[in-house]
Amino acid sequence: MVNSQPDWVRWQKALEVEEKNGFVDLIGNQYRFSEFLCLTFGKPPKLLDSEWRKNWQEMASKFAKYPNLPISDRENLVKLAKSFLQASEAECQKVWQRRSNPTEEPETQETLQELPIPNSQLPTPQLEISLDQPLTEVPKLGITKSRHLAKLGLYTVRDLLFYYPRDHIDYSRRVDISQLEAGETVTIVATIKRCECFTSPKNKKLTILEIVLQDRYAKMRLSRFFAGNQYSNRGWQESIKRRYPVGSIIAASGLVKETKYGLTLQDPEMEMLASPGDNIESINIGRVVPVYPLTEGVPADVVRQAVMAVLPATAKIEDPLVRGLRDRYGLIKLPEAINNIHFPTDSDSKEAARRRLVFDEFFYLQLGFLKRRQTLRQTQASAILAPTGQLVEKFYQVLPFKLTGAQQRVINDILNDLQKTTPMNRLVQGDVGAGKTVVAVVAILAAIQAGYQAALMAPTEVLAEQHYRKLVSWFNLLHLPVELLTGSTKTAKRREIHAQLETGELPLLVGTHALIQDKVNFHSLGLVVIDEQHRFGVHQRAKLQQKGAQPHVLTMTATPIPRTLALTLHGDLDVSQIDELPPGRQAINTVALSGRERNQAYDLIRRELVQGRQVYIVLPLVEESEKLDVRAATVEYEKLQESVFPEFKVGLLHGRMTSAEKDQAINDFRENQTQILVATTVIEVGVDVPNATVMLIENAERFGLSQLHQLRGRVGRGTHKSHCLLMSSSTSADSRQRLSVLEQSQDGFFISEMDLRFRGPGQVLGTRQSGLPDFALASLVEDQEVLNLARDAAELVMLQDQHLQNSLLKAELEYRYQKLMGGSILT
Ligand code: ADP
Ligand code: MG
């Protein structure tokens, strides 16, 4: 612990020991004398008022400079510190008495007069560290250290303060050598019995420092290795030995490791303590050590010392979060948080610091999203689309079923949006089969009713065609035309479609990426619907939008992502969830099976086939190359057709087939020409065959849970009981646990939440284009609660201060958002 409670005795003792040793800036167990005092003064006791606290910070700055002072100035500063501490202690006592005796008259200001004012005592120039100061200009750092820090992207004091440690090592456990156990992180204090420094006889490039230590009952050997020719120099080796004289006392910290020479410490941190006779307790100072993310060639100590040198500057940080917000969300002040994230006094203070800083990471991102949304809304004007009208009413009448409550709710959200002059930007999430299409159709009809055109874009031809088929059947009843445009649309047809779009006589176009081609021009595009939106890039989505003047945008996804990810990725969208399935859906019987239980799986499949049902068998992408995967699929297909199910017809569908071949395979299956469809994951989205009742997935452990859930959604679309068989050859407990989530749940949101826990956000979203911001501390898995609070806070701020009159907040937002998202939002 550094100083959670004022420890006047220990501080005075440290000053005394330094004095006794001739002001050499003693190296203690963890810190140098000057660093320790810098830390000490950086955290004034809570009892002191702001004037006093400022003086404490002043002292901290002075001790940061201590190593650069001539001995005489050091002596003066130590004397000053002694009397300053005495005065502070007296002041604390007074405040304390006053508090426990509140009726008494408050003391006069006389103590302040008596106080030795640091400024007047020392002629040395004032060391003022400001936040924007370049690290090269911080006296303690100098060029070499600054150069190291620049490698980490740290250029200013502010950069460094906000460079959080990734961990802390707790060296506070002091252990006797005889008590060591492998695997523990400890500190030992012992006497140097022997010290050798030599070039390894086996490897000329390796130099070894070997120290034998002894404490009360036992001895141990410590080694440090130096790689490189420069260390084989005899002179260097002698100088190293002189640093560790026999008989002196050393503190060594590190992880205990078993070697053939017995227990030792791995890469020990070694610090000389004061002279042997000295009471080591007195300067056994600071023991929770921050561990920073480093890069090649940057010594850990450099960062630690540099942070310590600039820590007094936290006093200059003004907290952009006002008191009211901090209190409401249980947050500590920013300067305190920065101090404690680097050098926490205990685990509680570290937690509180982390919580505040994680909150900030989320908060500014959310505030940025909301600000961007606001900006968009101010600058754009969209067509107002009729909320309802004859078309929508008629559609409800021809619809063969009743909408679920969730569908109704989401439709209301959408119709609300459409009545505004600001463009809708809404994401509808809903499980497979939740009925998103109907919801989209209502929006489309509202647009058409208002005299506008609509476009529906889907990521694959299969899916686009399916939408088209369904829409044709509904639109026929409403006497409205609709067309399909994909890569395989014939030229003549395509020309006709282009023409009808330009005159406006075609109100709705369904299709694939073909919709965003240059030749496609709408007369008046009022609404864009994008299905499976995560399958499109930002540019593709934008390109479709640009075909109209600020059209409303509705995006849909059947791969629900957890709320944390949704907020982090689409915090500027409005999100609606269809979290209820249409009635009468049966749960799909899901079982995870091992390779040995394959026959059981085939028996079940045969039973279903005999009753006239159909079956999917899905193979994962296993090999690096698609070619090999296709071969694997082909081999499996032949095996199933020839030796396992010769009495049935097996079809094959994979990514290397032309779209005509794919259509053929899907059509054959749809028409029950084939009873089994062996497929790679191309069927993940969209194939709808109600007669299929079994989904068998090979090597299921290779899929993400959400993907498996998607695949499972291909069955259970008709009236028959359906099954999902998850074949897995993996015996690991982890993958078994993962698969059991699917056995137990049919809820896409729950499943994606579990997926996130098991695999982390990068994997869940697909590492390459996840678009997740790079948080320094925040975890999307562990910090969900804080994220929700931060979103709440951001909404509150936008409500109370929508133009960000709080200039501190505005500046901080700009700085943070740019850093996270690599772009500016306010301009
Ligand atoms: P998804 O959300 O996966 O896109 P779809 O819109 O394709 O789901 O709907 C799945 C099936 O459920 C379709 O056949 C659709 O007609 C039907 N459906 C949608 N809503 C309802 C409802 N409220 N009641 C009954 N069936 C519905
Ligand atoms: Mg759909």
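Position 398 of the sequence shown, counting from 1, maps to 463 under our numbering, and the rest follow consecutively. Cβ coordinates follow ideal geometry from the N, Cα and C atoms, glycine included. It should be emphasised that the depicted structure is a prediction, and the values quoted were computed from it without experimental measurement.
Taking residue i and residue j to be in contact with their CB atoms under 8 Å, please state how far apart those CB atoms are, rounded to whole angstroms.
{"i": "Lys143", "j": "Glu100", "result": "Per the sequence shown, residue 143 should be read as Val rather than Lys. Actually they are not in contact, since the Cβ atoms of Val143 and Glu100 sit about 15 Å apart, beyond 8 Å."}
{"i": "Gln354", "j": "Ile234", "result": "Note that residue 354 is Val in the sequence shown here, rather than Gln. At roughly 5 Å, the Cβ-Cβ gap stays under 8 Å, so Val354 and Ile234 are in contact."}
{"i": "Met522", "j": "Ile626", "result": "That belief does not hold up - the Cβ atoms of Met522 and Ile626 are roughly 20 Å apart, past 8 Å."}
{"i": "Val695", "j": "Leu705", "result": "About 16 Å; that fails the 8 Å criterion."}
{"i": "Ala47", "j": "Ile242", "result": "The structure shown does not extend to residue 47, since the chain is modelled only from 66 to 892, so the question has no answer here."}
{"i": "Val372", "j": "Ile643", "result": "Val372 to Ile643, Cβ: 49 Å. No contact."}
{"i": "Arg238", "j": "Val356", "result": "16 Å between Cβ atoms; not a contact."}
{"i": "Ala471", "j": "Glu645", "result": "4 Å"}
{"i": "Val829", "j": "Asp820", "result": "5 Å"}
{"i": "Leu338", "j": "Thr250", "result": "Leu338 to Thr250, Cβ: 19 Å. No contact."}
{"i": "Leu399", "j": "Arg421", "result": "7 Å"}
{"i": "His588", "j": "Leu573", "result": "About 12 Å; that fails the 8 Å criterion."}
{"i": "Phe88", "j": "Met124", "result": "No, Phe88 and Met124 are not in contact; Cβ-Cβ is about 16 Å, not under 8 Å."}
{"i": "Ile194", "j": "Pro377", "result": "6 Å"}
{"i": "Gly552", "j": "Ser724", "result": "7 Å"}
What are the boundary residues of the alpha helix (DSSP H) that residue i is part of?
{"i": "Gln518", "result": "Here Gln518 belongs to no alpha helix (DSSP H); instead the beta strand (DSSP E) covers Gln518 to Met522."}
{"i": "Asn732", "result": "Ser724 to Arg735"}
{"i": "His213", "result": "Gly207 to Lys216"}
{"i": "Lys267", "result": "Run containing Lys267: none; DSSP gives neither H nor E here."}
{"i": "Glu81", "result": "Trp73 to Lys85"}
{"i": "Met124", "result": "Ser115 to Lys130"}
{"i": "Asn654", "result": "Here Asn654 belongs to no alpha helix (DSSP H); instead the beta strand (DSSP E) covers Asn654 to Ser659."}
{"i": "Ile305", "result": "Arg299 to Arg308"}
{"i": "Glu860", "result": "Gln849 to Gln865"}
{"i": "Ser771", "result": "Leu770 to Arg777"}
{"i": "Arg223", "result": "Val222 to Leu226"}
From what residue to what residue does the beta strand (DSSP E) around residue i run?
{"i": "Phe290", "result": "Lys284 to Ala292"}
{"i": "Phe263", "result": "Thr250 to Thr264"}
{"i": "Lys322", "result": "Ile314 to Thr324"}
{"i": "Asp332", "result": "Gly327 to Met337"}
{"i": "Ala508", "result": "Here Ala508 belongs to no beta strand (DSSP E); instead the alpha helix (DSSP H) covers Lys501 to Gln514."}
{"i": "Ser99", "result": "Not the beta strand (DSSP E): Ser99 falls in the alpha helix (DSSP H), residues Phe98 to Gly107."}
{"i": "Ile234", "result": "Asp232 to Asp235"}
{"i": "Asn871", "result": "First-last for Asn871: undefined, no H or E at that position."}
{"i": "Leu639", "result": "One point to set straight first is that residue 639 is Asp, not Leu, in the sequence displayed. Its beta strand (DSSP E) spans residues Asp639 to Ile643."}
If we cut at 7 Å on Cβ distances, does residue i have a partner in chain B?
{"i": "Glu561", "result": "Among the chains in the structure shown there is no chain B, since it carries only a single protein chain."}
Would a C-beta distance cut-off of 7 Å place residue i and residue j closer than the cut-off?
{"i": "Gly576", "j": "Ala512", "result": "no"}
{"i": "Asp637", "j": "Arg438", "result": "yes"}
{"i": "Gln531", "j": "Asp753", "result": "yes"}
{"i": "Thr897", "j": "Lys210", "result": "The question about residue 897 has no answer, for the chain in this structure spans 66 to 892."}
{"i": "Leu456", "j": "Gln514", "result": "yes"}
{"i": "Met792", "j": "Arg779", "result": "no"}
{"i": "Phe713", "j": "Leu674", "result": "yes"}
{"i": "Ala76", "j": "Thr105", "result": "Checking the sequence shown, residue 76 turns out to be Trp, not Ala. Yes; because the gap between Cβ atoms is below 7 Å, this pair is in contact."}
{"i": "Thr758", "j": "His785", "result": "yes"}
{"i": "Ile653", "j": "Arg777", "result": "yes"}
{"i": "Thr633", "j": "Leu492", "result": "no"}
{"i": "Tyr228", "j": "Arg881", "result": "no"}
{"i": "Leu432", "j": "Thr629", "result": "no"}
{"i": "Pro647", "j": "Thr469", "result": "yes"}
{"i": "Ser800", "j": "Glu763", "result": "no"}
{"i": "Leu684", "j": "Thr745", "result": "yes"}
{"i": "Thr622", "j": "His599", "result": "yes"}
{"i": "Glu426", "j": "Ala859", "result": "no"}
{"i": "Leu226", "j": "Ile403", "result": "yes"}
{"i": "Arg118", "j": "Pro109", "result": "yes"}
Checklist entry - Where in the region 578 to 627 do unbroken runs of the alpha helix (DSSP H), each at least 4 residues long, occur, reported from the N-terminal end onward? => result Segments of the alpha helix (DSSP H) lying fully in the region 578 to 627: 603 to 610.
Item to check | Segments of 4+ residues assigned as alpha helix (DSSP H) that fall wholly inside the region 523 to 563 | outcome: 526 to 542
Next on the checklist: As an exercise, report each continuous beta strand (DSSP E) stretch of at least 3 residues that is fully enclosed by the region 450 to 476, in chain order.
Outcome noted: none
Checklist entry - What are the start and end residues of each continuous alpha helix (DSSP H) run of 4 or more residues lying completely inside the region 671 to 722, in chain order? => result 691 to 704
Checklist entry - Can you give, in chain order, each stretch of the beta strand (DSSP E) that sits fully within the region 791 to 840 and has at least 3 residues? => result none
Item to check | alpha helix (DSSP H) runs wholly inside the region 356 to 441, at least 4 long, in chain order | outcome: Correct list: 365 to 375, 388 to 393 and 399 to 407.
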